[in-house]
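Working notes, structure below.
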Amino acid sequence: MAAFLNRMFSNRLLPAALLLATLQGCATESAAVRDQMDPVTSVTVSYSQTPLVFYRDVSGRAAYARDFVHLGPVEVNRSGDYRYYLWLGIWNTMEDAQLGPSRDGFESIIVFADGEPLPLEVAGWTVAAIGASEPVYLKPVASAADAYYAVTIDQIRLIAEAADVRIQATGTRTRNYEPWDDQKAAKSALHEFLKISVF
């Protein structure tokens with residue numbers, strides 16, 4: 008046994024042992040970020056377990072009425088071709104599930120990261136827009152609309168590092184969405200997402 012250990016830590020085998028330890032460390036999955044392989048398209052999708060949540064008070068319609076937007080990052084790996092998206096789950100407390108979700112104003116949005124505007128155009132309203140066949144994020148409510156926006160990893164990093172993030176829907180009327188709470192868990196998950204992303 009001593010002879011084996013001596014050989015393992017010799018100059019010849021030490022780099023291989025370090026490489027093995029490094030690879031094992033990289034294979035560890037984060038509790039804040041999930042990976043899943045799409046069963047139909049075979050892309051690997053990574054996403055944060057805890058999306059950011061934004062709201063808009065619309066108590067003029069009804070007491071305690073609010074519009075909500077959930078925002079989460081998505082990485083799509085198609086055989087080494089990496090693409091990045093922001094997922095938005097759009098819903099409100101007054102939505103009738105029978106009428107379907109409202110998409111008005113979300114064809115174009117602006118994400119403000121510490122005041123810097125990031126204008127985004129919707130890539131699609133279903134997971135097909137990102138090359139997947141199954142939903143990545145669970146809808147916050149059954150009537151929520153899903154929207155996907157193509158972004159760069161640098162834009163995701165800008166959002167993660169910003170102290171103040173807000174969303175503006177830019178349809179026929181401008182609607183501003185404020186952070187729902189302190190977002191500590193969501194921000195932590197966003198930073199974890201960036202750590203495991205390749206680019």
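In this note's numbering, the protein residues as written are 8 to 206.
By construction, the Cβ of each residue, glycine as well, lies at the ideal position given by its N, Cα and C atoms.
For clarity, every value in this text was computed on a predicted model and none was experimentally measured.
{"Asked": "Compare the C-alpha of Ile163 against each of Trp94, Phe75, Asn84 and Arg41 and name the closest.", "Found": "Trp94"}
{"Asked": "Can you give me the C-alpha to C-alpha distance between Gln190 and Ile116, rounded to a whole angstrom?", "Found": "20 Å"}
{"Asked": "Using three-state DSSP, classify Ile189 as helix, strand or coil.", "Found": "Residue identity check: residue 189 is Asp in the sequence provided, not Ile. DSSP places Asp189 in coil when its eight states are reduced to three."}
{"Asked": "Taking C-alpha atoms, which residue in Gly131, Val143 and Asp111 lies nearest to Thr181?", "Found": "Asp111"}
{"Asked": "Taking its Cβ as the centre, do 16 or more other Cβ atoms sit within 10 Å of Lys202, making it buried, or is it exposed?", "Found": "exposed"}
{"Asked": "If you draw a straight line from the C-alpha of Val148 to the C-alpha of Val50, how long is it?", "Found": "26 Å"}
{"Asked": "Label Gly79 either buried or exposed according to how many other C-beta atoms from any shown protein chain fall within 10 Å of its C-beta, with 16 as the threshold for buried.", "Found": "buried"}
{"Asked": "Is any heavy atom of the ligand NAD found at a distance shorter than 7 Å from the C-beta of Ala135?", "Found": "The model depicted lacks the ligand NAD and carries no ligand whatsoever."}
{"Asked": "How far does the beta strand (DSSP E) with Asp88 in it reach, from first residue to last?", "Found": "Asp88 to Asn99"}
{"Asked": "With DSSP run on the structure shown, which of helix, strand or coil describes Arg180?", "Found": "coil"}
{"Asked": "Val143 and Val129 - do their beta-carbons sit closer together than 8 Å?", "Found": "no"}
{"Asked": "Along the chain, where does the alpha helix (DSSP H) containing Gln43 start, and where does it finish?", "Found": "Careful: Gln43 lies outside any alpha helix (DSSP H), inside the beta strand (DSSP E) at Val40 to Met44."}
{"Asked": "Classify Val134 as helix, strand or coil using the three-state DSSP reduction.", "Found": "helix"}
{"Asked": "Roughly how many angstroms separate the alpha carbons of Val76 and Gly96, rounded to a whole number?", "Found": "6 Å"}
{"Asked": "Closest by CA to Met44, which one among Asp64, Asn84, Glu199 and Val60?", "Found": "Asn84"}
{"Asked": "Are Leu127 and Val158 closer than 8 Å when you measure CB to CB?", "Found": "yes"}
{"Asked": "With a threshold of 16 other CB atoms inside 10 Å of the CB of Ala38, please say whether the residue is buried or exposed.", "Found": "exposed"}
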